[in-house]
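For reference, the structure discussed in these notes is given below.
This is the structure we're talking about:
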């Protein structure tokens, strides 16, 4: 069992739907991340939160909206998505954003299919 | 030119073989180098981490960094079917997780 839990594991949605992905970390970490993983492509960093403050938004379309209500929870709200947004969405956490380099802890991902 | 390049495979080897997985990169300022392993339907997990150049060994795994050639390698000795996974290289200039750049991953199958 991983210290980072993502729900749902699978999601199918139409282009006009609104849905949310949830991530919870049980590791006491201060930084959380959303990544997009598409087949044969590198992990793309979407959003970074450190101590519940958004640090970075890597030119992600506004149809993706993150929310970090506390240091243990991270959401990704989805609306009016496109078929090309179909991918595995990974949540990750780390002890801190900067410091002695350790590791990113990933959840198992939410597989999103946009019809 | 992509910042980090990695042969996507798939790479298929017999059990017991020595596996060599490689990444090349273009940014000479990278100092932190990592290998993550991702099993099917799971998230990546850190396998090895090295700072700057040199080798690091952990059991059957050896990570090697050649900064002069901008080339990193992961060697797996006595490969096992349980090593079947996708291996992602990752690197960063600074010790800040939001600056980590990942390769696309190499898919490895170890055949019993």
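Chains as they are written, first to last, in my numbering: chain A, 50 to 164; chain B, 48 to 159.
Every residue gets a Cβ at the ideal spot worked out from N, C-alpha and C, and that includes glycine.
Interface annotation, residue 143 of chain B: in contact with chain A, CB-CB separation under 7 Å. In the same chain as residue 99 of chain B, and ignoring 5 residues on each side of it, the C-beta atoms closer than 6 Å to its own belong to 78, in chain order. A distance of 7 Å or more separates the beta carbons of residue 133 of chain B and residue 54 of chain B. Listed along chain A, no residue sits closer than 8 Å to residue 103 of chain B by beta-carbon distance, the nearest being about 13 Å off.
The beta-carbon of residue 61 of chain A is placed no less than 7 Å from the nearest beta-carbon of chain B. DSSP places residue 133 of chain A in the helix class (H, G or I) of the three-state scheme. With 16 or more other Cβ atoms inside 10 Å of its own Cβ, residue 78 of chain A counts as buried.
If the five residues before and after residue 85 of chain A are omitted, its C-beta is found closer than 7 Å to the C-beta atoms of 93, 95, 136 and 138, all from its own chain and listed in chain order. Note on residue 118 of chain B: under 16 other CB atoms within 10 angstroms of its CB, so exposed under the neighbour-count rule.
Annotation for residue 64 of chain A: no beta strand (DSSP E) segment contains it, and DSSP assigns it neither H nor E.
One alpha carbon belongs to residue 57 of chain B, the other to residue 120 of chain B, and they sit about 17 Å apart. Residue pairing by DSSP places residue 70 of chain B opposite B:53 and B:119 in a beta bridge. Counted as a single uninterrupted DSSP element, the beta strand (DSSP E) harbouring residue 84 of chain B occupies residues 79-85.
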